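In what follows, a structure is listed as structure tokens, so that the remarks can point back to it.
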Amino acid sequence: MVVVTSGNRDEHSMDAEFPFAPKGKSLWQQHNCSSCHSLFGVGGHIGPDLTNVHSRMGSSYIEYILERGKHKMPSYQLSLEERESLLQFFAYYDRLGKYPLNSVTREYLGSFTKEN
Ligand code: HEC
51 MVVVTSGNRD
61 EHSMDAEFPF
71 APKGKSLWQQ
81 HNCSSCHSLF
91 GVGGHIGPDL
101 TNVHSRMGSS
111 YIEYILERGK
121 HKMPSYQLSL
131 EERESLLQFF
141 AYYDRLGKYP
151 LNSVTREYLG
161 SFTKEN
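Numbering (the numbering used here), first residue to last: 51 to 166.
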């Protein structure tokens, strides 16, 4: 699984289904979203991890929060194409896997237990 969000190594795997995802990734880097947000736990922790935000919250909510901001989340003046690119970037990451794994709990002192 590729979780690198700098450089261009994973762009070839953003398949034809998400043609604007590479552009979304550039916007993600350009606006330094990862200073506050993580993908697969890698990045900042001021805001929530966004690995599965696409399926968790849906496109309209994501577009709304990008435009309006919320608490410490700044608002961004983005074009329609830029918003669509970020949505595809999130859709692409959502498809890669689930984070955190619901069935595994990280215990105090770093051990893991599996639920059910
Ligand atoms: C200064 C820190 C900061 C930066 C920079 C930032 N965010 Fe956020 N973001 C937040 C915080 C904090 C929240 C949670 C807001 C709340 O619900 O109170 C948030 C929420 C979100 C959410 C909704 C997540 C959810 O589960 O409700 C999305 C989507 C999001 N940000 C995307 C982005 C994108 C894309 C960028 C870059 C263009 C970005 N953020 C930059 C702090 C930041």
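Where a beta carbon is used, it is the ideal one built from N, C-alpha and C, also for glycine. If you're wondering where the values come from, they're calculated on a predicted model, not measured in any experiment.
Closer than 6 Å: residue i CB and nearest the ligand HEC heavy atom
| i | result |
| --- | --- |
| Val154 | no |
| Leu136 | yes |
| Tyr143 | no |
| Gly97 | yes |
| Val92 | no |
CB contact check: residue i to chain C, cutoff 7 Å
| i | result |
| --- | --- |
| Gly93 | Among the chains in the structure shown there is no chain C, since it carries only a single protein chain. |
Residues near residue i by beta carbon distance below 7 Å, same chain, minus five either side
| i | result |
| --- | --- |
| Phe70 | Glu134, Ser135 and Gln138 |
| Met107 | none |
Same chain, Cβ closer than 6 Å to residue i, neighbours up to 5 away in sequence not counted
| i | result |
| --- | --- |
| Ser105 | Asp144 |
| Arg118 | Ser125 |
| Gly93 | Ser84 and His87 |
Within 7 Å, strictly: CB atoms of residue i and residue j
| i | j | result |
| --- | --- | --- |
| Met64 | Tyr114 | no |
| Leu116 | Thr101 | no |
Among the options, nearest to residue i - alpha-carbon criterion
| i | options | result |
| --- | --- | --- |
| Phe68 | Pro150, Pro124, Leu146 and Cys83 | Leu146 |
| Val103 | Lys148, Thr163 and Ser153 | Lys148 |
| Lys75 | Glu131, Phe162 and Ser110 | Glu131 |
| Met123 | Glu157, His87 and Arg156 | His87 |
| His121 | Ile96, Ser161 and Arg156 | Ile96 |
Spatial neighbours of residue i in its chain, beta-carbon cut-off 8 Å, leaving aside the 5 residues before and after
| i | result |
| --- | --- |
| Glu157 | Thr163 |
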